[in-house]
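Q:
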Amino acid sequence: MIVDKHSSANDAVVVRGVSHKYQSNLAIDDLSFNLGAKQIVGILGPNGSGKSTLFRLISTMMPLQKGDIEVFGASTRNQIFAVRSRIGVVFQSPSLDRKLTVRENLDCQSALVGLSGAARCSRVAHVMKQLSISDRANDRCEKLSGGLKRRVEIAKGLLHHPRLLLLDEPSTGLDPVARLEMWKALSELKDSEDVTVVMTTHLLEEAEKCDLLLIMNRGKCVALDSPDSLRHASGGDAISIECLEPHAVASLLQKSFQWQPKVVGSQVRISIDSAAQHVAEISNLLGASMRSLTIARPSLEDVFIEKTGDRLF
Amino acid sequence: MIENSSTIANVSSDASKHQTAVSLPSSLPSSLPVVWMLAKREWVRFFRQPHRVVAAVGQPILFWILFGTGLHGAFRGNGDQGFMGYYLPGTVALILLFTAIFATISIIEDRREGFLQNVVVAAVPRWTIALGKTIGGAVIAWVQAAVFIGLLVAFGTIPFEWSLLSLGAFMALAALGMTALGVCMAWPLDSTQGFHALMNLCLMPMWLLSGAFFPIPIVNNDSPVGQSVMHWIMRSNPLTYPVAGMRWAMFPDMQTSTFWQPTVTMSWLVTLSFTLITLLAATLIVRRNAKGDIQ
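As given, the protein sequences belong to chains X and C, one line each in that order. Residues in the first sequence are numbered from 1 upward in steps of one, following the numbering used here. Residues in the second sequence are numbered from 1001 upward in steps of one, following the numbering used here.
(1) Can you name the residues that DSSP bridges to X:H20?
(2) Would you call the segment 1148–1166 of chain C in contact with the segment 1109–1116 of chain C, where contact means no fewer than 3 C-beta pairs closer than 8 angstroms?
(3) At 9 angstroms on the CB atoms, spell out the chain C contacts of X:L230, in chain order.
(4) At a Cβ cut of 9 angstroms, what residues of the segment 1040–1061 of chain C count as close to chain X, listed as they run along the chain?
(5) Which residue from X:G17, X:V15, X:R77, X:H202 puts its Cα closest to that of X:L64?
(6) Out of X:S289, X:H20, X:R151, which has the shortest C-alpha to C-alpha gap to X:L244?
(7) Could you give the DSSP three-state label for C:F1155: helix, strand or coil?
(8) Going by beta-carbon coordinates alone, are X:C108 and C:M1204 separated by less than 7 angstroms?
(9) Helix, strand or coil: how does DSSP classify C:L1279 here?
(10) Which class does X:N34 belong to by DSSP, given the choice of helix, strand or coil?
(11) Considering only residues of the segment 134–204 of chain X, which uninterrupted alpha helix (DSSP H) runs meet the minimum length of 4 residues and lie entirely inside it, listed in chain order?
(12) Output, in chain order, the set of chain X residues within a Cβ distance shorter than 7 angstroms of C:G1114.
(13) In terms of alpha-carbon separation, which member of C:G1211, C:W1232, C:A1169 lies closest to C:V1219?
(14) So, with DSSP's three-state summary, where would you put C:T1104?
(15) Taking C:P1033 as the query, report the chain X residues whose CB atoms sit under 7 angstroms from its CB, ordered along the chain.
(16) Show which residues of chain C have a CB atom less than 9 angstroms away from the CB atom of X:C108.
(17) Which runs of the beta strand (DSSP E) spanning at least 3 residues fall entirely within the segment 1160–1243 of chain C, listed in chain order?
(18) Have a look at X:H40 and C:V1119 and give me their C-alpha separation to the nearest angstrom.
(19) In chain B, which residues lie less than 9 angstroms from X:T60 when you measure between Cβ atoms?
(20) In whole angstroms, what separates the C-alpha of X:H278 from that of X:L285?
(21) Check whether the Cβ of C:V1286 lies closer than 7 angstroms to any Cβ atom in chain X.
(22) Is the shortest distance between the beta-carbon of X:F81 and the beta-carbons of chain C less than 7 angstroms?
(23) When the cut-off is 7 angstroms and only beta carbons count, does C:V1124 lie next to chain X?
(24) Cα separation between C:A1145 and C:V1054?
(25) Buried or exposed: which applies to C:C1184, given that a residue is buried once 16 or more other Cβ atoms fall within 10 Å of its Cβ?
(26) Relative to the alpha-carbon of X:L300, which residue among X:L203, X:V71, X:H247 has its alpha-carbon at the smallest distance?
(27) Is there contact between the segment 1252–1262 of chain C and the segment 1205–1219 of chain C, where contact requires at least three CB pairs shorter than 8 angstroms?
(28) Three Cβ pairs or more, each shorter than 8 angstroms: is that satisfied between the segment 1237–1247 of chain C and the segment 1160–1175 of chain C?
(29) Counting only C-beta atoms, is X:H85 closer than 7 angstroms to chain C at any point?
(30) In angstroms, rounded to a whole number, what distance separates the CA positions of C:A1021 and X:G88?
(31) Could you check what DSSP says for X:L96 in three-state terms: helix, strand or coil?
(32) Hey, does X:K190 have any beta-carbon neighbour from chain C nearer than 7 angstroms?
(33) According to DSSP, X:E70 sits in a beta bridge with which residue or residues?
(34) Under the DSSP definition of a beta bridge, which residues are partnered with C:W1260?
(35) Going by DSSP, which residues form a beta bridge with X:S271?
(36) Counting only Cβ-Cβ distances shorter than 7 angstroms, please list the residues of the segment 125–146 of chain X near chain C, keeping chain order.
Written out as structure tokens, the structure is:
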């Protein structure tokens, strides 16, 4: 099992031996990990990596086929209502009633999570203030911008004081400003409400901001650590060589320098310390067969390539 | 020492922060706010879409005027009752049916617009969703039919009598039953086109064969086979009984010598059973996840 270094007995999510198939397609393959509480966790992976399936299983949208998932100690297999009372869910596709106002949408959701009377009124007012949507309380949702709609969706997910907020690709369809606003709101929530945030994403810039990153590929967890630690662990600098015959170039580099280059599309990638010192040697060795050479600190995409041998996108 | 106690205080506040006044509704009394909120939502949505109001009331009234005047000469009913009088309970049933259809078609819209995603992961029993949808739609249908009846009384088309109370009760049961039936039909579907097809195939024939538009023929030994078949189909139609109940409530002195009509008691019993069965079916059918619930 891959264990988050900062986890404790009060883990937000524990996943043990979970596999899930859609007919004959294996979407999640014997997945095991646990996530500590009170942090923002990103689930990063390319399309088809199984992150949305994992989101649906944790949020109890789909029944478990194999394995177990616990959310703050409650099993998604046989304690569904207990899990649902602990989680707030923000879906990738909109779930607002466009004909209702912001307040009416929140009132409706309050009923669905078991809030009523004075508790409902004060909680609705509180989350609207928290997400800075109080001034739009009486506007119909069909008139709101994408960013505001997303904030209303998050407000809906927070009404019942969930300990875990699950978001499925929350930045989809948002412009950069709205994305920043959403991120600010999530960071504030983590601190002020002690909410653990788990979000699926395919955006590297978003993944960089997470406290903890779970990288998935082909239904498996390939890494679980903070973005900094992941980059650090992947070694020195990343050299990317764009060339016409990447396999031949990789083989030549391996023979000449005993490096372990990886071929990714039309690129050859090498992870070594003090990469700048080797530029002249590489250039002399490859000559005209090299189109370009870039050196950079390893990105999360480099981490992904190193772990899987595939490109993220 | 001070640090330690402050840590303990923080931990305890962390635990209590997430244990607020949220009590998950599992019993009927604690589920009523959920039902009320969902029913209220139907009501609000209905009046924010004026075309629904016009379509649900306007078309049956237009049918009543056009068919009533057009078929007046061709209709042979009991005593001196013309087709406009005969067709009145049928018009009320049509208002109830149309509104029930529009209310339940919103389930498919809710699914398409993503609203039902919240329901799939809601911490409330699913039957509250069925009941909220049904009651919301039924109240809208009942109020529209009641406004129509109010206009008829105001213009003197039907007399103001105590039997109108029983008419109101029949309307309420029929509205609940038809809306619950609509929920049962709409829940598994993911397209409004599919619902329209089902409506044309089932609900409109159900209305036509309820004695709402033409009387149920009497059968005897000399009756042709077709008439006997028609008689038994119409007699087996559950909608026949609320329509008959409404007819008895509007015209208590009605003569039934030229067509078949269930008794008032039979009308009550079958209408009540139909409503309870459809309500039960609706609460059971929404427990299943449907196509498109997971987007």
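Heads up, the beta-carbon is just placed ideally off N, CA and C, and yes, glycines get one too.
A: Considering the structure as presented:
(1) For this step, residue 20 of chain X is matched to residue 20 along the first sequence. Partner(s): X:I28.
(2) no
(3) Along the first sequence, read from residue 1 onward, the residue named residue 230 of chain X stands at position 230. By Cβ distance, chain C contributes nothing, its closest Cβ being about 28 angstroms from X:L230, past 9 angstroms.
(4) K1040, R1041, V1044, R1045, R1048, Q1049
(5) For the purposes of this step, residue 64 of chain X is taken as the residue at position 64 of the first sequence. The residue with the shortest Cα to Cα distance from X:L64 is X:R77.
(6) The residue labelled residue 244 of chain X in the question sits at position 244 within the first sequence. For the residues X:S289, X:H20, X:R151, the minimum Cα distance to X:L244 belongs to X:S289.
(7) Locating residue 1155 of chain C in the second sequence gives position 155, where the first residue counts as 1. The answer is coil: DSSP assigns C:F1155 none of H, G, I, E or B.
(8) Within the first sequence, the letter at position 108 stands for residue 108 of chain X. Within the second sequence, the letter at position 204 stands for residue 1204 of chain C. No; because the gap between Cβ atoms is not below 7 angstroms, this pair is not in contact.
(9) For the purposes of this step, residue 1279 of chain C is taken as residue 279 along the second sequence, with counting starting at 1. Reduced to three states, the DSSP call for C:L1279 is helix.
(10) One-based indexing of the first sequence puts residue 34 of chain X at position 34. Residue state, collapsed to three classes: strand.
(11) 146–158, 176–193
(12) Position 114 of the second sequence, counted from the start, is the residue given in the question as residue 1114 of chain C. Under the 7 angstroms cutoff, chain X gives F91, S93, P94, S95.
(13) Reading the second sequence from its first residue, position 219 is the one you call residue 1219 of chain C. Among C:G1211, C:W1232, C:A1169, the Cα nearest to that of C:V1219 belongs to C:W1232.
(14) Taking the second sequence and counting its residues from 1, one reaches residue 1104 of chain C at position 104. Helix, per DSSP.
(15) Position 33 of the second sequence holds residue 1033 of chain C. Simply A111, S116.
(16) Here residue 108 of chain X refers to the residue found at position 108 when the first sequence is read from its first residue. Those are M1037, L1038, K1040, R1041, F1115, N1118, listed as they occur along chain C.
(17) none
(18) On the first sequence, position 40 is the one that residue 40 of chain X refers to. On the second sequence, position 119 is the one that residue 1119 of chain C refers to. Reading the sequence as shown, one finds Ile at residue 40 of chain X and not His. Spanning the two alpha carbons is a distance of roughly 26 angstroms.
(19) Looking at the structure shown, chain B is missing, and the protein chains on hand are X and C.
(20) Translated into the one-based positions of the first sequence, residue 278 of chain X becomes position 278. Translated into the one-based positions of the first sequence, residue 285 of chain X becomes position 285. Each residue's Cα considered, the two are about 11 angstroms apart.
(21) For the purposes of this step, residue 1286 of chain C is taken as residue 286 along the second sequence, with counting starting at 1. For C:V1286, the answer is no, since every Cβ of chain X falls outside 7 angstroms of its Cβ.
(22) Counting from 1 along the first sequence, the entry for residue 81 of chain X is found at position 81. With 7 angstroms as the cut-off, X:F81 counts as an interface residue toward chain C.
(23) One-based indexing of the second sequence puts residue 1124 of chain C at position 124. Interface residue, yes.
(24) Here residue 1145 of chain C is taken as the residue at index 145 of the second sequence, counted from 1. Here residue 1054 of chain C is taken as the residue at index 54 of the second sequence, counted from 1. The straight-line gap from Cα to Cα measures roughly 13 angstroms.
(25) As a first step, residue 1184 of chain C is located in the second sequence; it is residue number 184 there, counting from the start. Counting Cβ neighbours within 10 Å, C:C1184 comes out buried, since at least 16 surround it.
(26) By one-based count along the first sequence, residue 300 of chain X stands at place 300. Closest by alpha carbon: X:L203.
(27) yes
(28) yes
(29) On the first sequence, position 85 is the one that residue 85 of chain X refers to. The question names His, but residue 85 of chain X is Ser in the sequence shown. Chain C, which has a Cβ nearer than 7 angstroms to the Cβ of X:S85, makes this yes.
(30) Working through the second sequence from its first residue, we reach residue 1021 of chain C at position 21. Working through the first sequence from its first residue, we reach residue 88 of chain X at position 88. Confidence in C:A1021 is poor, its pLDDT being 41 and thus under 50, which makes the residue's placement unreliable; the coordinate value appears in the next sentence. Their backbone Cα atoms lie some 16 angstroms apart in a straight line.
(31) Stepping through the first sequence from its first residue, residue 96 of chain X is reached at position 96. Here X:L96 sits in coil by DSSP.
(32) The count along the first sequence starts at 1 and reaches residue 190 of chain X at position 190. No, X:K190 does not count as interfacial toward chain C.
(33) As a first step, residue 70 of chain X is located in the first sequence; it is residue number 70 there, counting from the start. X:E70 pairs with X:V14, X:S75.
(34) Here residue 1260 of chain C corresponds to residue number 260 of the second sequence, with the count starting at 1. Note: C:W1260 sits in a beta bridge opposite C:I1216.
(35) Start at 1 with the first residue of the first sequence, and residue 271 of chain X comes out as number 271. The partner list for X:S271 (beta bridge, DSSP) reads X:A238.
(36) none
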